[in-house]
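Remarks on the structure that follows.
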Amino acid sequence: MSRMKKSLIIIITLAFKRHNICNISESKLNHLLRSGYNISLQNSHYNKLFEVSYNPKITSWRFRVKIHRIYPFYSYVTSSGPFYKYVLADEEGTKMEMTIYGNSDRFRGLEKQEGKWVEIIRVEVNRSYPGFQATNSRFNLSATRNTKVHIIDPLNNRFFMDFKNIHAIPHMDHRDRNYPIDTMRVVFNTEALFDDPASPRMVFYIRDNIDSHIKCVATGAHAYAFRDGLENMKGRGQVIVVLKMWRVWKFLSYFGPPDLWLETEGGLSDFRFNPCLP
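The sequence shown begins at 1273 in the working numbering and counts up one residue at a time.
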């Protein structure tokens, strides 16, 4: 057999019905993928994230999405990792999380591609668990041994950040607080709390143009990064910070107004000083 890399182009007729299943059988496509073929799907249908539904029999989902955020996690069951979660956004701005378990060579280096657009072929759909989630989708995606991910040209130049007004944050209900928010405001009243090396914190406030303000807490590695970044901003006048995917905490009090603040949520959260946004 020739040593040339095997490749195959499959022309797919858009014979998609209720669940967008192509007219090539699942078993045949699985066999080709396991045989080492690089499959190029021409004239193929790409699903939108809002179209996703849970059906274990369907694994032929394919998407073109932007990697909005990447963060590591460790398995408490096997004490192994790091593995990676990818927050994806499609052209319409719908977001969904994808998990990649294991250290397969097929995905090596993908954890460094935040901000890139990718084509994802053959991925499983699962239901999201209750509690705090990176997106408000009822579903999430999981890569399998047949999943293929390829970097593609950008489909648009959107940042896919949904900036929340500070004065609207106190009115968020408990369901909305199960998802992180983005905001961009002026920094003031900073305080470094590094006495306990096991729990470093950087406390600061942000305000908008109508005198609304809110407390923010950067923890762990984010605390040191925020302190160092703020130090580099000295002499540049007013400092603006973009908070990306921060968690909203709210505790009710019998003796006064609710205690409300924004806080980093592990590796999910990020920030940037004086950003250049379009």
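By construction, the Cβ of each residue, glycine as well, lies at the ideal position given by its N, Cα and C atoms.
Point to revise | Residue from L1413, L1382, M1474 whose Cα sits closest to the Cα of R1499 | key: Locating residue 1499 in the sequence shown gives position 227, where the first residue counts as 1. Across the set L1413, L1382, M1474, the C-alpha of M1474 shows the shortest separation from the C-alpha of R1499.
Review point. Taking Cβ positions only, does Y1318 come closer than 8 Å to chain B?
Key: Although the question refers to chain B, the structure presented lacks it and comprises just one protein chain.
Review point. Is I1342 helix, strand or coil when you go by DSSP?
Key: Within the sequence shown, the letter at position 70 stands for residue 1342. It is a strand residue.
Check your understanding: For K1522 versus R1449, is the C-beta spacing smaller than 8 Å?
Key -> Locating residue 1522 in the sequence shown gives position 250, counting from the first residue. Locating residue 1449 in the sequence shown gives position 177, counting from the first residue. Cβ distance < 8 Å, so K1522 and R1449 count as in contact.
**Study point:** Residue(s) in a DSSP beta bridge with Y1477
**Key:** Mapped onto the sequence shown, residue 1477 falls at position 205. Under DSSP, Y1477 shares a beta bridge with F1460, K1487.
Point to revise | Pair within 8 Å by beta-carbon distance, I1424 and E1391 | key: On the sequence shown, position 152 is the one that residue 1424 refers to. On the sequence shown, position 119 is the one that residue 1391 refers to. Taking 8 Å as the cut-off, the beta carbon of I1424 is found closer than this to the beta carbon of E1391.
Point to revise | Same chain, Cβ closer than 6 Å to L1321, neighbours up to 5 away in sequence not counted | key: Along the sequence shown, one-based indexing puts residue 1321 at 49. The beta carbon of L1321 lies closer than 6 Å to those of D1362, T1366, M1368 in the same chain, with the five residues before and after it left out.
Practice item. To the nearest angstrom, report how far apart R1546 and R1417 are at their CA atoms. Key: Within the sequence shown, residue 1546 is the residue found at index 274, counting from 1. Within the sequence shown, residue 1417 is the residue found at index 145, counting from 1. A quick correction: the sequence has Asn, not Arg, at residue 1546. C-alpha separation (whole angstroms): 41 Å.
Check your understanding: Taking DSSP as the reference, what is the three-state secondary structure of H1443?
Key -> One-based indexing of the sequence shown puts residue 1443 at position 171. Correct three-state label for H1443: helix.
Review point. Residues in its own chain within less than 6 Å of P1344 by CB, not counting five upstream and five downstream?
Key: One-based indexing of the sequence shown puts residue 1344 at position 72. Leaving aside the five residues that flank P1344 on each side, the residues in its chain whose CB is nearer than 6 Å to its CB run, in chain order, P1354, Y1356, G1539.
Point to revise | Burial state of Y1358, where buried means 16 or more other Cβ atoms lie within 10 Å | key: Taking the sequence shown and counting its residues from 1, the one referred to as residue 1358 is at position 86. Around the beta carbon of Y1358, a 10 Å sphere encloses 16 or more other beta carbons of the protein chains shown; the residue is thus reported as buried.
Exercise for review: Can you check DSSP and say which residues form a bridge with L1360?
Suggested key: Counted from its first residue, the sequence shown places residue 1360 at position 88. I1339, M1368.
Check your understanding: Tell me which same chain residues have a C-beta within less than 6 Å of the C-beta of F1543, skipping the five on either side of it?
Key -> Looking up residue 1543 in the sequence shown gives position 271. Sequence-distant Cβ neighbours of F1543 in its own chain, meaning closer than 6 Å and more than five residues away, are V1513, L1515.
Review point. If we ignore side chains and look at the alpha-carbon of each, how far apart do N1292 and H1446 end up?
Key: Within the sequence shown, the letter at position 20 stands for residue 1292. Within the sequence shown, the letter at position 174 stands for residue 1446. At N1292, the pLDDT of 41 sits below 50, so the modelled position is not reliable; the number obtained from the coordinates is stated separately. Each residue's Cα considered, the two are about 35 Å apart.
Point to revise | Identity of the residues DSSP links to F1355 by a beta bridge | key: As a first step, residue 1355 must be located in the sequence shown, where it is residue number 83. In the DSSP assignment, F1355 forms a beta bridge with F1345.
Exercise for review: Verify whether the separation of the beta carbon atoms of R1410 and S1332 is less than 8 Å.
Suggested key: In the sequence shown, residue 1410 corresponds to position 138, counting from 1. In the sequence shown, residue 1332 corresponds to position 60, counting from 1. No; because the gap between Cβ atoms is not below 8 Å, this pair is not in contact.
Point to revise | Three-way DSSP call (helix, strand, coil) for M1412 in this model | key: Working through the sequence shown from its first residue, we reach residue 1412 at position 140. One detail in the question is off: residue 1412 reads as Asn in this sequence, not Met. Note: N1412 maps to strand in three-state DSSP.
Review point. What are the boundary residues of the alpha helix (DSSP H) that includes E1503?
Key: Taking the sequence shown and counting its residues from 1, one reaches residue 1503 at position 231. E1503 -> alpha helix (DSSP H) spans 1493–1504.
Review point. Would the beta-carbon of I1478 fall within 8 Å of that of V1459?
Key: Mapped onto the sequence shown, residue 1478 falls at position 206. Mapped onto the sequence shown, residue 1459 falls at position 187. Against a cut-off of 8 Å, the Cβ pair of V1459 and I1478 comes out as a contact.
Check your understanding: What does DSSP give as the partner residues of F1545 in its beta bridges?
Key -> Position 273 of the sequence shown, counting from 1, holds the residue named residue 1545. Its beta-bridge partners are V1513.
Review point. DSSP beta-bridge partners for F1435?
Key: In the sequence shown, the residue the question calls residue 1435 occupies position 163. Bridge partners of F1435 according to DSSP: D1454.
Practice item. Quick one: give me the first and last residue of the beta strand (DSSP E) that R1430 is part of. Key: The residue labelled residue 1430 in the question sits at position 158 within the sequence shown. For R1430, no beta strand (DSSP E) segment is defined, and its DSSP state is neither H nor E.
Exercise for review: Kindly indicate the opening and closing residues of the beta strand (DSSP E) around E1383.
Suggested key: Residue mapping note: residue 1383 aligns to position 111 of the sequence shown, counting from 1. It is not in any beta strand (DSSP E) - E1383 carries neither H nor E in the DSSP assignment.
Check your understanding: Which residue's Cα is closest to the Cα of S1471: A1495, I1339, N1398, R1341?
Key -> Position 199 of the sequence shown, counted from the start, is the residue given in the question as residue 1471. Nearest to S1471 by C-alpha distance, out of A1495, I1339, N1398, R1341, is A1495.
Exercise for review: Indicate the three-state DSSP secondary structure (helix, strand or coil) for R1449 in the structure shown.
Suggested key: Here the question's residue 1449 lines up with position 177 in the sequence shown. The answer is helix: DSSP assigns R1449 an H, G or I state.
Point to revise | Nearest-angstrom Cα separation, counted from M1517 out to Y1451 | key: In the sequence shown, counting from the first residue as 1, residue 1451 sits at position 179. In the sequence shown, counting from the first residue as 1, residue 1517 sits at position 245. Cα to Cα, Y1451 sits roughly 8 Å from M1517.
**Study point:** Cβ separation of E1537 and R1508, assumed to be a contact under 8 Å, to the nearest whole Å
**Key:** Along the sequence shown, read from residue 1 onward, the residue named residue 1537 stands at position 265. Along the sequence shown, read from residue 1 onward, the residue named residue 1508 stands at position 236. Going by Cβ atoms, the distance from E1537 to R1508 rounds to 28 Å, so no, they are not a contact pair.
Review point. What residue from L1413, H1439, L1465, A1406 has the CA that sits closest to I1453's CA?
Key: If you number the sequence shown from 1, residue 1453 lands on position 181. Of L1413, H1439, L1465, A1406, the residue nearest in Cα terms is A1406.
Review point. Per DSSP, which one or two residues make a beta bridge with I1482?
Key: The residue labelled residue 1482 in the question sits at position 210 within the sequence shown. In DSSP, I1482 forms no bridge with anything.
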